Amino acid sequence: MNSSMKQQEALQQFQTHFAAYEERLNGNAGSPDHLRRKTAMQQLADTGLPTLRDEDWRYTNLNPVLKTGFVPSTMPKKEVLTIVNTREFLPDVQSAARLVFVDGHFIAELSQLTGLPQGCTISSLSSAVAETPELISTAPAGVTDSAVRQFTLLNSAFAEEGAYIRAAAGCILEDPVHLLFLSSGAPQPCIHHPRIILHAEKGSEFTVIEQYAALETGVHFTNTVVESTVAEGAHLHHIKLQDESSEAFHISATYARVSRNASYDNHYFGLGSRLVRNNIHAVFEDEQAECTLNGLFLPRDSQHMDHHTVIDHAQPRCNSHELYKGILNGESRGVFSGKIVVRKDAQQTDARQASNNLLLSEDAVVDTKPQLEIWADDVKCTHGATIGRMDDEALFYLRSRGIALAEARNMLSQAFASELVSRVRNEALRSHLDSLIQQRLESSRKDG
Amino acid sequence: MSSEAQDLEKLTSEEYKYGFVTHIEMDTVEKGLSEDVIRFISAKKEEPEWLLEWRLKAFRLWQTMEEPDWAFVDYPPIDYQDISYYSAPKMKERPKSLDEVDPELLDTYEKLGIPLKEQEMLAGVAVDAVFDSVSVATTFKEKLSDMGIIFCSFSEAVKDYPDLVRKYLGSVVPQGDNFFSALNSAVFTDGSFVYIPKGVRCPMELSTYFRINSLGTGQFERTLIVADEDSYVSYLEGCTAPIRDENQLHAAVVELVAHDNAQIKYSTVQNWYPGDKNGKGGIYNFVTKRGKCAGVNSKISWTQVETGSAITWKYPSCILQGDNSVGEFYSVAVTNNRQQADTGTKMIHIGKNTRSTIISKGISAGYSSNTYRGLVKIMKNADGARNFSQCDSMLMGDTCGAHTFPYIENHNDSAQMEHEATTSKIGEDQIFYCNQRGISTEDAVNMIVNGFCKEVFRELPMEFAVEAQKLLGISLEGSVG
Numbered sequence: 086m087n088s089s090m091k092q093q094e095a096l097q098q099f100q101t102h103f104a105a106y107e108e109r110l111n112g113n114a115g116s117p118d119h120l121r122r123k124t125a126m127q128q129l130a131d132t133g134l135p136t137l138r139d140e141d142w143r144y145t146n147l148n149p150v151l152k153t154g155f156v157p158s159t160m161p162k163k164e165v166l167t168i169v170n171t172r173e174f175l176p177d178v179q180s181a182a183r184l185v186f187v188d189g190h191f192i193a194e195l196s197q198l199t200g201l202p203q204g205c206t207i208s209s210l211s212s213a214v215a216e217t218p219e220l221i222s223t224a225p226a227g228v229t230d231s232a233v234r235q236f237t238l239l240n241s242a243f244a245e246e247g248a249y250i251r252a253a254a255g256c257i258l259e260d261p262v263h264l265l266f267l268s269s270g271a272p273q274p275c276i277h278h279p280r281i282i283l284h285a286e287k288g289s290e291f292t293v294i295e296q297y298a299a300l301e302t303g304v305h306f307t308n309t310v311v312e313s314t315v316a317e318g319a320h321l322h323h324i325k326l327q328d329e330s331s332e333a334f335h336i337s338a339t340y341a342r343v344s345r346n347a348s349y350d351n352h353y354f355g356l357g358s359r360l361v362r363n364n365i366h367a368v369f370e371d372e373q374a375e376c377t378l379n380g381l382f383l384p385r386d387s388q389h390m391d392h393h394t395v396i397d398h399a400q401p402r403c404n405s406h407e408l409y410k411g412i413l414n415g416e417s418r419g420v421f422s423g424k425i426v427v428r429k430d431a432q433q434t435d436a437r438q439a440s441n442n443l444l445l446s447e448d449a450v451v452d453t454k455p456q457l458e459i460w461a462d463d464v465k466c467t468h469g470a471t472i473g474r475m476d477d478e479a480l481f482y483l484r485s486r487g488i489a490l491a492e493a494r495n496m497l498s499q500a501f502a503s504e505l506v507s508r509v510r511n512e513a514l515r516s517h518l519d520s521l522i523q524q525r526l527e528s529s530r531k532d533g
Numbered sequence: 168m169s170s171e172a173q174d175l176e177k178l179t180s181e182e183y184k185y186g187f188v189t190h191i192e193m194d195t196v197e198k199g200l201s202e203d204v205i206r207f208i209s210a211k212k213e214e215p216e217w218l219l220e221w222r223l224k225a226f227r228l229w230q231t232m233e234e235p236d237w238a239f240v241d242y243p244p245i246d247y248q249d250i251s252y253y254s255a256p257k258m259k260e261r262p263k264s265l266d267e268v269d270p271e272l273l274d275t276y277e278k279l280g281i282p283l284k285e286q287e288m289l290a291g292v293a294v295d296a297v298f299d300s301v302s303v304a305t306t307f308k309e310k311l312s313d314m315g316i317i318f319c320s321f322s323e324a325v326k327d328y329p330d331l332v333r334k335y336l337g338s339v340v341p342q343g344d345n346f347f348s349a350l351n352s353a354v355f356t357d358g359s360f361v362y363i364p365k366g367v368r369c370p371m372e373l374s375t376y377f378r379i380n381s382l383g384t385g386q387f388e389r390t391l392i393v394a395d396e397d398s399y400v401s402y403l404e405g406c407t408a409p410i411r412d413e414n415q416l417h418a419a420v421v422e423l424v425a426h427d428n429a430q431i432k433y434s435t436v437q438n439w440y441p442g443d444k445n446g447k448g449g450i451y452n453f454v455t456k457r458g459k460c461a462g463v464n465s466k467i468s469w470t471q472v473e474t475g476s477a478i479t480w481k482y483p484s485c486i487l488q489g490d491n492s493v494g495e496f497y498s499v500a501v502t503n504n505r506q507q508a509d510t511g512t513k514m515i516h517i518g519k520n521t522r523s524t525i526i527s528k529g530i531s532a533g534y535s536s537n538t539y540r541g542l543v544k545i546m547k548n549a550d551g552a553r554n555f556s557q558c559d560s561m562l563m564g565d566t567c568g569a570h571t572f573p574y575i576e577n578h579n580d581s582a583q584m585e586h587e588a589t590t591s592k593i594g595e596d597q598i599f600y601c602n603q604r605g606i607s608t609e610d611a612v613n614m615i616v617n618g619f620c621k622e623v624f625r626e627l628p629m630e631f632a633v634e635a636q637k638l639l640g641i642s643l644e645g646s647v648g
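Same order as they appear, the protein sequences are chains A and B.
No gaps in the numbering here: position 288 of the first sequence is 373 in my numbering, and each next residue is one more.
No gaps in the numbering here: position 249 of the second sequence is 416 in my numbering, and each next residue is one more.
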């Protein structure tokens, strides 16, 4: 079994890293924090890394990731930091605070954490952990069912840095908090494990923009875990913008627990990386909660973008809406697997899910798996999936009005994407997204 | 308890109507599976050497395989050594006419509503009745053979048409295709064989009634239907089984081959013993059904009504190889009490301008679980391929489950595919509307459910459509959520 050999080798490599990490601890090896990491590492060794034979990985081959020998990332050089202009990554978007990470390391000089409203805690994870060591748990809620539990465990074993945001009861933050993860294109392929913890307490509301970008091209592996809890009546808006280098690997797991009358929404925009695997696992912990998952991904060349979502209607009278769209070019491959689980007694659930995919080239591939698992009878659940190329009639309509073919195709793709952009509340961010998508579609056109 | 709940209680506790045991002496082999058992079956059936080798190859493959566990069903592990793999009614020689058939056997079919004796005169349906493993009687054979149509039991086909069997056996479902097809390939005892020659339109619906009768025997049927160029055939398959306390395994394989411009319509009503209210007993129905549209403009259409079996694990599929070929799948799956069904289809688009339609209706009641699992795969060269899938589920009561797991894989940009699914229950307003007009709740539910399944029922041949509606009524009347 060639493929499982690779999983074995990669696992051994991670264990070697872990042993090296333990040696540096110098007597702290017995701390509860470290024992927790050890447990995670042990569980990972017991589970083993996934192969194509795993149902959840049948469309995503991890071999390119596993055969790259990654090293733990090191602190970026000072000269790298001097050239960074953090404003350029999200121009015109007013942010309440900004945390900047380069190769997974928190860079205080580039971050902006002053003038925070009362009741709001925003800090790097390392400083939050210094006060509350138990912040990083081995197993976030939902991890056991998660298709990427192995990578969550890996993150739990190694995570040292990331972001911690807590809005106290009633605290409302108008402007978004900007989390910027940059990679410096270090010569050796490095791996980092950002951990983001978001707590929206009773009646609070805030927006997080989680952004990944590259300073230089290069191979690296980002393995992120986001844990969010949204307490009663709170609202958490989560936007993720992923535009890493085209050689990078990105695996992420986002866990959300949503309480009574609360809402969680996640808007994902995927442009970068060679291989992306995103997992979102949202659980309703009480009645009348709401969850929205939107996603737009635009792979080109040989990019591979895989999205797995689970919405667990564990409680009655909750609503969920999900819309994922892919615009695929080149020889890229898009995967969508969305699962809605309606538990016994979760009556009066209203769940909608749609996956629409537009193929712009002959060689693009889409695999989609919209799933419903329903154990209650008084529910409204629908899902739909479409895959196809551009509508010839729509193109003809535009061309008959004197619009050139290329321009007409562009207009239609843009229109297809705009449904998701329009759902983002922040206007400046919307226009930034629009121009990013426009750029992507135009450059793909030139390539194609 | 409301009156509705009482109705539900009364009707869902209805006994299985087709449960009775026919007492006929059986010629049964010792339990267990080994090369010797396979040699015994092969010798018993006086098979040629190549078929024995074929079986042994399947058996060796099977030994290296693991039982699949991905289906959304739950059952205790099956001990494959605790099953008897051959059981045939003891008979000195094959009957020449219906009069020679054991009257008790005929009586069994009578109770099931297929009076063999009347068939010749009335129904116009040729029946190849399979009692456990060996064909008992075949009617209308002569009439069909005048047209060059071959419709006989599998063992006869092996003797009389070895070239045809050898050419097509395993060409759609190879021995090593999956765990259960490998098992079937090793131990299959009988089944049906149909060959429609070039340009012939089969004038009647061909039909087989399968029965599982003997305690502790598995049923391993093998059906092979070949439609040569420009031909047409409609085949009906119906299943009922007597009441049993022990779970019985049924692992059948059905292979269809359609050449240029040929059409095959395959309809199934499956009403095997589903086990009692507490999930005790019942048939495990693990079936591999697959059709290959080998020629251009060919068409294969599967229609199934699944109301029986404790566990159903079945995915009638179409390989759309010829350009412009068409695959269809129409399914109604009903589960009640502790039944579990994981069923659906696979449509593999290989040829250009291939089209497929999937209509699946799942109805779950009691403590049952009903899953649709389907794959639509469009290969790189399938330009202009088109698929439409619709999967609707209806839940009756809050203790059952309805699940939809479609897999859609597209490798061609000119392909168009759509998938839709909905889940609902019978609306109180709909019931109220009917009640208001003097229609009892029971009748109203029946009407609504039948309406829900109409798209599938209208694909069934007349005889089956009537039976299907009756079965649905028996399974679900009054189960208002």
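Don't be surprised by glycine CBs; every beta carbon is placed ideally from N, CA and C.
Small disclaimer: the values here were computed from a predicted structure and weren't measured.
For a contact meaning CB atoms closer than 9 Å, what does A/G380 contact in chain B? For this step, residue 380 of chain A is matched to residue 295 along the first sequence. Simply none; closest approach about 17 Å.
Within-8 Å CB hit, B/P235 to chain A: Numbered from 1 along the second sequence, position 68 holds the residue referred to as residue 235 of chain B. It does not; no Cβ of chain A falls within 8 Å.
Please go through the same chain and pick out, in chain order, the residues whose beta-carbon is closer than 6 Å to the beta-carbon of B/E626, but skip the five residues on each side of it. Within the second sequence, the letter at position 459 stands for residue 626 of chain B. Residues of the same chain with a CB within less than 6 Å of the CB of B/E626, apart from the 5 flanking positions on each side, are T470 and Y497 in chain order.
If I follow the unbroken beta strand (DSSP E) through B/M561, where does it start and stop? For the purposes of this step, residue 561 of chain B is identified with residue 394 of the second sequence, where counting begins at 1. Counting along the chain, the beta strand (DSSP E) containing B/M561 begins and ends at R553 to L562.
Ends of the beta strand (DSSP E) at B/W469? Taking the second sequence and counting its residues from 1, one reaches residue 469 of chain B at position 302. Membership of B/W469 in the beta strand (DSSP E) is indicated by the continuous run K466 to E473.
Check whether the stretch 486 to 501 of chain A touches the stretch 596 to 612 of chain B, counting contact only when three or more Cβ pairs, one atom from each stretch, lie closer than 8 Å. No, the stretch 486 to 501 of chain A does not touch the stretch 596 to 612 of chain B.
Nearest to B/K592 (by Cα), restricted to the options B/E576, B/Q583 and B/V616: For the purposes of this step, residue 592 of chain B is taken as the residue at position 425 of the second sequence. Of the listed residues, the one whose Cα sits closest to B/K592 is B/V616.
Which of the three DSSP states is assigned to A/Q296 in this structure? Here residue 296 of chain A corresponds to residue number 211 of the first sequence, with the count starting at 1. Strand.
Report the residues of the stretch 440 to 453 of chain A with a CB closer than 7 Å to any CB of chain B, ordered along the chain. Residues L444, S446, E447, A449, V450, V451, D452 and T453.
In chain B, what lies closer than 7 Å to A/R474 by C-beta? For the purposes of this step, residue 474 of chain A is identified with residue 389 of the first sequence, where counting begins at 1. Simply D580 and S581.
Which same chain residues, not among the five before or five after A/I257, have their C-beta less than 7 Å away from its C-beta? Here residue 257 of chain A refers to the residue found at position 172 when the first sequence is read from its first residue. Once the five neighbours on either side are set aside, the close Cβ partners of A/I257 are S289 and E290.
For B/C620, which residues does DSSP report across the bridge? For the purposes of this step, residue 620 of chain B is taken as residue 453 along the second sequence, with counting starting at 1. Note: B/C620 sits in no beta bridge, so no partner.
Inspect the beta-carbon positions of B/N464 and B/S492 and report whether they are closer than 8 Å. For this step, residue 464 of chain B is matched to residue 297 along the second sequence. For this step, residue 492 of chain B is matched to residue 325 along the second sequence. Yes, they are a contact pair.
Per DSSP, which residues does A/R385 bridge with? Please list them. Looking up residue 385 of chain A in the first sequence gives position 300. In DSSP, A/R385 forms no bridge with anything.
State the Cα-Cα distance for the pair A/F99 and A/V165, rounded to the nearest angstrom. Reading the first sequence from its first residue, position 14 is the one you call residue 99 of chain A. Reading the first sequence from its first residue, position 80 is the one you call residue 165 of chain A. C-alpha separation (whole angstroms): 27 Å.
Amino acids of chain A, ordered along the chain, whose beta-carbon sits closer than 7 Å to that of B/Y574: Numbered from its first residue, the second sequence carries residue 574 of chain B at position 407. Within chain A, the residues near B/Y574 are K454.
Delimiting residues of the alpha helix (DSSP H) encompassing B/Q583: Residue mapping note: residue 583 of chain B aligns to position 416 of the second sequence, counting from 1. Counting along the chain, B/Q583 falls outside any alpha helix (DSSP H), though it belongs to the beta strand (DSSP E) covering Q583 to S591.
For B/R222 and B/F355, what's the separation of their Cα atoms in angstroms? Reading the second sequence from its first residue, position 55 is the one you call residue 222 of chain B. Reading the second sequence from its first residue, position 188 is the one you call residue 355 of chain B. Each residue's alpha carbon lies about 9 Å from the other.
Other residues of its chain near B/A290: CB distance less than 7 Å, five sequence neighbours each side excluded: Looking up residue 290 of chain B in the second sequence gives position 123. Bear in mind that a pLDDT of 36 at B/A290, under 50, signals an unreliable position, so the number given afterwards is only what the model happens to contain. Nothing meets the Cβ criterion.
Verify the CB distance criterion: does A/W460 have a CB-CB separation below 8 Å to chain B? One-based indexing of the first sequence puts residue 460 of chain A at position 375. Cβ-Cβ to chain B under 8 Å: yes for A/W460.
Rounding to the nearest angstrom, what Cα-Cα distance links A/L443 and A/L356 in this structure? Along the first sequence, one-based indexing puts residue 443 of chain A at 358. Along the first sequence, one-based indexing puts residue 356 of chain A at 271. Across the structure, A/L443 and A/L356 are spaced so that their CA atoms are roughly 15 Å apart.
Whole alpha helix (DSSP H) elements within the stretch 137 to 201 of chain A, 4-residue minimum: Segments of the alpha helix (DSSP H) lying fully in the stretch 137 to 201 of chain A: 148 to 152 and 163 to 167.
Cβ of B/G512 less than 8 Å from any chain A Cβ? Residue numbering aside, residue 512 of chain B sits at position 345 when the second sequence is read from its first letter. Correcting the residue identity first, residue 512 of chain B is Thr in this sequence and not Gly. The Cβ of B/T512 sits no closer than 8 Å to any Cβ of chain A.
Give the interface partners of B/K592 over in chain A, defined as CB-CB distance under 9 Å, in chain order. Here residue 592 of chain B corresponds to residue number 425 of the second sequence, with the count starting at 1. In chain order: D462, D463 and V464.
Please tell me whether B/T231 has its Cβ less than 8 Å away from any Cβ of chain A. Reading the second sequence from its first residue, position 64 is the one you call residue 231 of chain B. For B/T231, the answer is no, since every Cβ of chain A falls outside 8 Å of its Cβ.
DSSP three-state assignment for B/C485, whether helix, strand or coil: Translated into positions along the second sequence, residue 485 of chain B becomes position 318. Here B/C485 sits in strand by DSSP.
Residues near B/I515 by beta carbon distance below 6 Å, same chain, minus five either side: Locating residue 515 of chain B in the second sequence gives position 348, where the first residue counts as 1. Closer than 6 Å at Cβ, skipping near neighbours: I486 and K544.
Have a look at A/G133 and A/R121 and give me their C-alpha separation to the nearest angstrom. Along the first sequence, read from residue 1 onward, the residue named residue 133 of chain A stands at position 48. Along the first sequence, read from residue 1 onward, the residue named residue 121 of chain A stands at position 36. Their backbone Cα atoms lie some 18 Å apart in a straight line.
Could you tell me the boundaries of the beta strand (DSSP E) in which A/T124 lies? On the first sequence, position 39 is the one that residue 124 of chain A refers to. For A/T124, there is no enclosing beta strand (DSSP E); the enclosing alpha helix (DSSP H) covers residues P117 to T132.
Return helix, strand or coil for A/K91, following the three-state DSSP convention. Start at 1 with the first residue of the first sequence, and residue 91 of chain A comes out as number 6. Here DSSP, grouped into helix, strand and coil, assigns A/K91 to helix.
Against chain A, which members of the stretch 558 to 573 of chain B pass a CB distance test of less than 8 Å? The stretch 558 to 573 of chain B vs chain A, Cβ under 8 Å: S560, L562, M563, G564, D565, T566, C567, G568, A569, H570, T571, F572 and P573.
With A/F266 as the anchor, note down where its beta strand (DSSP E) starts and where it stops. For this step, residue 266 of chain A is matched to residue 181 along the first sequence. Element bounds for A/F266: V262 to S268.
Mind pulling the chain B residues with CB within less than 9 Å of A/G469? Within the first sequence, residue 469 of chain A is the residue found at index 384, counting from 1. Contact annotation for A/G469 against chain B: E585, H586, E587 and A588 [CB-CB distance below 9 Å, chain order].
Candidates A/D260, A/S268 and A/H284, of which the one nearest A/A254 by Cα: Translated into the one-based positions of the first sequence, residue 254 of chain A becomes position 169. Of the residues A/D260, A/S268 and A/H284, the one whose Cα lies closest to the Cα of A/A254 is A/H284.
Taking 8 Å as the cut-off, decide whether the C-beta atoms of A/S331 and A/G303 are in contact. Position 246 of the first sequence, counted from the start, is the residue given in the question as residue 331 of chain A. Position 218 of the first sequence, counted from the start, is the residue given in the question as residue 303 of chain A. Contact: no.
Based on DSSP bridge pairs, tell me the residues matched to A/F354. Position 269 of the first sequence holds residue 354 of chain A. According to DSSP, A/F354 bridges with A/L326 and A/L381.
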